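Have a look at the structure below, then the notes.
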Amino acid sequence: MFLVCQYTSLPKDTASLHRQVQNALSKATETKTRSPALYEVSFPAVRDTTAALSRILDANTSHAREIIKPFAASFRKRLHLVFPDVAEAKIAEKVYGSSEHTFTLSALPLYERPAFLQQVEAPALVFVVQPGFNIDEWLQLERPALLYPDASIVVLNGNMDRLRSNYYPPLFYPRLTALRKRYLEQFEPIYYLKPLPNGLLFRVFPEPWQTFFCASPGEATRIAVDDERPTFPQTTQRLMELSREQR
Numbered sequence: 071m072f073l074v075c076q077y078t079s080l081p082k083d084t085a086s087l088h089r090q091v092q093n094a095l096s097k098a099t100e101t102k103t104r105s106p107a108l109y110e111v112s113f114p115a116v117r118d119t120t121a122a123l124s125r126i127l128d129a130n131t132s133h134a135r136e137i138i139k140p141f142a143a144s145f146r147k148r149l150h151l152v153f154p155d156v157a158e159a160k161i162a163e164k165v166y167g168s169s170e171h172t173f174t175l176s177a178l179p180l181y182e183r184p185a186f187l188q189q190v191e192a193p194a195l196v197f198v199v200q201p202g203f204n205i206d207e208w209l210q211l212e213r214p215a216l217l218y219p220d221a222s223i224v225v226l227n228g229n230m231d232r233l234r235s236n237y238y239p240p241l242f243y244p245r246l247t248a249l250r251k252r253y254l255e256q257f258e259p260i261y262y263l264k265p266l267p268n269g270l271l272f273r274v275f276p277e278p279w280q281t282f283f284c285a286s287p288g289e290a291t292r293i294a295v296d297d298e299r300p301t302f303p304q305t306t307q308r309l310m311e312l313s314r315e316q317r
């Protein structure tokens, strides 16, 4: 059964995706009900699922630059664009060029350094690009929220689905498990676009979750709308059943 409704459609291109993320983040920050406000933005950084990590980071660096533009204009140095480590922040600085530094370019380890904290302006928005390559990056992610409880924290393409699965067994990762329960599970997906076999799972704040069936490349049909996030097994089952019906 296909559904026709008024919810946000899938993005047609990268520019429309960026606009959708900007709109979702604007609405979320305008209506935030708790501090710190924790938000997840997740979408495929590149189309090639076998792309090297360096290429994915380059793509996310470019995505971040476009997404933050309206917020940088408003917050200026009170927008912290944060990379997982100092080396990645330096690479981003070369990519962006000094003319774009109306915001504060930073790295997660710097929030442990008193000298850095004394010279930067307290953020209204902390935008973290692709954390989670290793455990330390997840553990460091809480530090900005502890320092700046009134700020909004956004994670861009951090692969937080790994944290929702059994990818990190509690027995072997007790610190990460404690952090996940205390902090990381509080991140709300305000923009989420996940390709799955035969379809997509999609959500744009403040709308419900949408499931799209893809009968062929470039063709997507909405088949379900859920107020609560459906599990991956639920979504996969829906898509598989519809795929069998279409044969």
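Residue numbers are given in the numbering used here: position 176 of the sequence shown equals residue 246, and the series is strictly consecutive. Just so it is clear, CB atoms sit at the ideal spot from N, CA and C, and this is done for glycine as well. A quick note: this is a predicted structure, and the numbers were derived from the prediction, not measured.
Compare the C-alpha of residue i against each of the options and name the closest.
i    : options                   : result
C284 : I293, N268, L95 and P278  : N268
D83  : L108, R117, E110 and S313 : R117
S86  : T103, I137, Y77 and N204  : I137
R135 : Y166, T119 and R146       : Y166
L178 : Q189, D206 and T306       : D206
M230 : Q189, L180, L246 and P106 : L246
T291 : Q280, R299 and E298       : Q280
May I have the straight-line CA-CA distance separating residue i from residue j, to the nearest angstrom?
i    : j    : result
S132 : L149 : 17 angstroms
F282 : P259 : 18 angstroms
F153 : A159 : 5 angstroms
L187 : V156 : 15 angstroms
R213 : R314 : 48 angstroms
Q256 : L108 : 7 angstroms
Would DSSP call residue i helix, strand or coil?
i    : result
E110 : strand
Q200 : coil
V152 : strand
T344 : For residue 344 there is no data in the structure shown, the boundaries of the chain being 71 and 317.
T291 : strand
Would residue i be called buried (16 or more neighbouring beta carbons within 10 Å of its own) or exposed?
i    : result
A143 : exposed
W228 : First, the amino acid is wrong: residue 228 is Gly here, not Trp. G228 comes out buried.
L210 : The sequence given here places Gln at residue 210; Leu does not occur at that position. Under this definition Q210 is a buried residue.
S222 : buried
Please indicate yes or no: does the CB of residue i lie closer than 8 angstroms to some heavy atom of the ligand FMN?
i    : result
E110 : Among the components modelled here there is no ligand, and therefore nothing to report on the ligand FMN.
Less than 8 angstroms between the CB atoms is what I'm expecting for residue i and residue j, so what's the real figure, rounded?
i    : j    : result
V224 : L127 : With a Cβ gap of about 17 angstroms, V224 and L127 do not count as contacting.
N93  : V199 : That pair is no contact at about 20 angstroms.
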